[in-house]
Amino acid sequence: MMDQQTVETIKRLMEWEAGRSAPPEGFPSLPDMPAGRYTSQEYYDLEQQYIWKKSWLFAAHLDEVPEPGSFMQWDNAGQPLIIVHGMDGVVRAFYNTCRHRGAPVVTVQRGRSPRLMCGYHNWTYKTDGELVGVPESQDFGPAFDKSCRSLIGVRCEMYGKLIFVNLDENAIGLREWMGPLWDEWEEFAFDRMRLASRQSFDLKCNWKVAMEANMEVYHVPFIHAQTVAPLVDHKRNVNTIFPGGHARMIAPPPKNTNRAHVRAIDNPPEWQSVETVGELGRTTTQSYTMFPNWVSPLSNFFIPPLIFWPTSLNTTRLELITMALDWGDGPTPDLWTVPDGKGGREMSPIIQEDTQFGEAIQKSMESDGFKSVPLSYQEARIYSFHQTCDKMIGLDRVPPHLAVKQVIGKDWVWPNDPRVALMEREAEPA
Ligand code: FES
Ligand SMILES: [Fe+2]
Numbered sequence: 005m006m007d008q009q010t011v012e013t014i015k016r017l018m019e020w021e022a023g024r025s026a027p028p029e030g031f032p033s034l035p036d037m038p039a040g041r042y043t044s045q046e047y048y049d050l051e052q053q054y055i056w057k058k059s060w061l062f063a064a065h066l067d068e069v070p071e072p073g074s075f076m077q078w079d080n081a082g083q084p085l086i087i088v089h090g091m092d093g094v095v096r097a098f099y100n101t102c103r104h105r106g107a108p109v110v111t112v113q114r115g116r117s118p119r120l121m122c123g124y125h126n127w128t129y130k131t132d133g134e135l136v137g138v139p140e141s142q143d144f145g146p147a148f149d150k151s152c153r154s155l156i157g158v159r160c161e162m163y164g165k166l167i168f169v170n171l172d173e174n175a176i177g178l179r180e181w182m183g184p185l186w187d188e189w190e191e192f193a194f195d196r197m198r199l200a201s202r203q204s205f206d207l208k209c210n211w212k213v214a215m216e217a218n219m220e221v222y223h224v225p226f227i228h229a230q231t232v233a234p235l236v237d238h239k240r241n242v243n244t245i246f247p248g249g250h251a252r253m254i255a256p257p258p259k260n261t262n263r264a265h266v267r268a269i270d271n272p273p274e275w276q277s278v279e280t281v282g283e284l285g286r287t288t289t290q291s292y293t294m295f296p297n298w299v300s301p302l303s304n305f306f307i308p309p310l311i312f313w314p315t316s317l318n319t320t321r322l323e324l325i326t327m328a329l330d331w332g333d334g335p336t337p338d339l340w341t342v343p344d345g346k347g348g349r350e351m352s353p354i355i356q357e358d359t360q361f362g363e364a365i366q367k368s369m370e371s372d373g374f375k376s377v378p379l380s381y382q383e384a385r386i387y388s389f390h391q392t393c394d395k396m397i398g399l400d401r402v403p404p405h406l407a408v409k410q411v412i413g414k415d416w417v418w419p420n421d422p423r424v425a426l427m428e429r430e431a432e433p434a
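Numbered by the numbering used here, the letters in the sequence shown go through residues 5 to 434 in order.
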């Protein structure tokens with residue numbers, strides 16, 4: 005929960021941000037980011053090894069493996085995994101790799117079974133991964149020890165009903181990874197929200213190009229003039245940089261906003277409202293980046309994350325997800341996709357606005373005409389995210405021509421916020 009003093013400070017900061025005529029005093033000027041971060045195979049390979057294999061990644065909602073014995077395949081992290089709701093009630097993740105000769109243990113996308121059996125030679129595993137059945141096991145000889153041949157597990161932890169995995173067995177826990185988000189998100193009822201919709205779309209650009217369209221409000225008045233702009237006053241936006249590459253933005257609606265438009269987009273009356281959500285979650289656009297690939301506004305109606313998965317250096321799979329409280333017999337909530345007229349779904353107008361330039365940006369970034377990226381104070385969440393990418397990789401591993409300088413120091417990272425002192429100073433009578 006966000007305490008009342010924090011709420012009041014953020015509300016005052018909104019007006020203070022709108023009144024600025026320059027970046028806050030002492031905020032570092034952000035050096036250009038090298039183009040190669042979006043276009044070089046070398047940087048992509050470093051991301052694969054040191055970011056994607058070491059980060060906590062959203063894998064599934066408990067509704068996708070709802071009962072003991074439920075399982076699903078999941079390979080968005082580039083490795084074939086299975087998520088298994090154990091007969092003992094514990095949700096686990098394993099490589100979908102039989103310990104005999106590597107056949108997939110699970111071949112259907114989803115299913116339910118008290119045992120997992122590889123179809124090649126019928127080796128059989130319990131839902132906790134233990135190998136319990138080997139046909140003709142006497143032929144493996146007396147030294148063969150089934151207890152050493154359990155499915156290989158992957159770190160798996162939950163936040164409410166959300167299932168996260170981490171390919172690094174030595175990773176810190178999910179709670180430590182999330183830092184302040186762990187408590188701050190409590191009001192949004194991650195433990196009660198159901199999965200309403202999960203769709204994915206392939207984009208022709210680097211995953212960071214796609215994701216960064218959702219990490220600043222600078223673009224809102226321009227590409228979202230008719231859609232988001234009436235809801236989000238970009239001038240009164242308050243960014244907060246959290247440790248670990250996470251970040252928050254809170255932007256109120258414009259003071260002269262068209263209330264009917266806001267209601268039409270933001271207050272779908274047939275959906276249940278989460279009663280624990282506080283003032284800012286109800287009245288502003290409160291949105292979070294969770295490193296490395298989650299961006300989600302959070303409100304009293306939805307948890308609707310956008311998740312970005314690299315499928316190659318210049319292609320991305322975008323997942324558009326809506327979670328909401330039980331919607332009963334009403335229409336299934338889906339904030340980000342609409343019927344495509346052919347029996348499927350397509351990206352909603354807002355998401356089409358955000359993704360429209362991706363392919364062309366990627367092409368232009370790969371051209372000789374693109375050198376580097378200058379970022380404004382308003383885009384500092386993107387810069388901080390890049391600093392964390394390099395830190396995850398290891399500052400000594402990133403070639404200098406691809407690195408960003410680590411200019412945003414701890415003094416500008418939560419819980420520190422020099423803006424508050426600047427605001428207080430200005431508020432003092434002269
Ligand atoms: S590969 Fe799975 S039982 Fe042989
Ligand atoms: Fe946008």
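Ideal placement from N, C-alpha and C gives every residue a C-beta, glycine not left out.
Leaving out five residues before and five after residue i in sequence, what residues of the same chain have Cβ atoms less than 7 Å from its Cβ?
i      : result
Ser151 : none
Pro184 : Phe246, Trp418
Asn218 : Val299, Leu310, Asp358
Leu166 : Phe62, His65, Phe194
Gly115 : Phe75
Leu135 : Arg103, Trp127, Tyr129, Lys150, Arg153, Ser154
Glu161 : Phe168, Gly177, Leu178
Pro27  : Tyr381
Are there any heavy atoms of ligand 2 lying less than 8 Å away from the beta-carbon of residue i, as far as the coordinates show?
i      : result
Ala255 : no
Val377 : no
Val88  : no
Ala217 : yes
Glu357 : yes
Val136 : no
Val417 : no
Val232 : yes
Ile176 : no
Val224 : yes
Ile354 : yes
If you measure from the CB of residue i, is any heavy atom of ligand 4 nearer than 8 Å?
i     : result
Gly82 : Among the ligands in the structure shown, ligand 4 does not appear; only ligand 1 and ligand 2 can be found there.
Could you spell out where the beta strand (DSSP E) holding residue i opens and where it closes?
i      : result
Ser316 : 310 to 316
Thr319 : 319 to 328
Ala64  : 61 to 65
Gly133 : It is not in any beta strand (DSSP E) - Gly133 carries neither H nor E in the DSSP assignment.
Cys160 : 157 to 163
Val109 : Val109 -> no beta strand (DSSP E), and no H or E assigned at all.
Phe75  : 74 to 78
Gly115 : 114 to 116
Ala217 : Run containing Ala217: none; DSSP gives neither H nor E here.
Over the uninterrupted alpha helix (DSSP H) stretch that includes residue i, give me the two end residues.
i      : result
Tyr42  : 40 to 43
Met369 : 362 to 369
Gly23  : 8 to 23
Gln356 : 353 to 359
Val224 : 224 to 227
Pro422 : 422 to 431
Starting from the C-beta of residue i, find all residues in its chain whose C-beta is less than 8 Å away, skip the five residues before and the five after it, and write them out in chain order.
i      : result
Lys409 : Pro35
Ala22  : Asp237, Lys239, Arg240
Asn126 : Gly137, Pro139
Asp206 : Thr315, Thr319, Thr320, Arg321, Leu322
Tyr54  : Met396, Ile397, Gly398, Arg401
Lys259 : Asp237
Thr437 : The displayed coordinates of the chain run from 5 to 434. Any statement about residue 437 would go beyond what the structure contains.
Do residue j and residue i have their beta-carbon atoms positioned less than 9 Å apart in this structure?
i      : j      : result
Phe312 : Lys212 : yes
Ala214 : Thr359 : yes
Leu120 : Val109 : yes
Ala97  : Arg159 : yes
Asn243 : Ala384 : yes
Thr293 : Pro256 : no
Gln382 : Leu329 : no
Pro422 : Gly40  : no
Asp338 : Ser201 : yes
Ser388 : Ala251 : yes
Ile307 : Pro32  : no
Leu17  : Val281 : no
Ile14  : Ile325 : no
Met5   : Glu283 : no
Asp67  : Arg198 : yes
Quick one: what's got a C-beta closer than 6 Å to residue i's C-beta in the same chain, skipping five residues either side?
i      : result
Thr392 : Gly249, Phe295
Ile355 : Trp340
Ala407 : Asp394
Val88  : Phe75, Arg96, Thr131
Should residue i be counted as a contact of ligand 1 given a C-beta to heavy atom distance under 8 Å?
i      : result
Gly106 : yes
Val109 : yes
Tyr48  : no
Asn126 : yes
Segment contact flag, the stretch 44 to 56 with the stretch 93 to 102, C-beta cutoff 8 Å, min 3 pairs: no
Any 3 or more C-beta pairs closer than 8 Å across the stretch 141 to 159 and the stretch 100 to 110: yes
The stretch 362 to 372 touching the stretch 219 to 233, judged by at least three CB pairs closer than 8 Å: no
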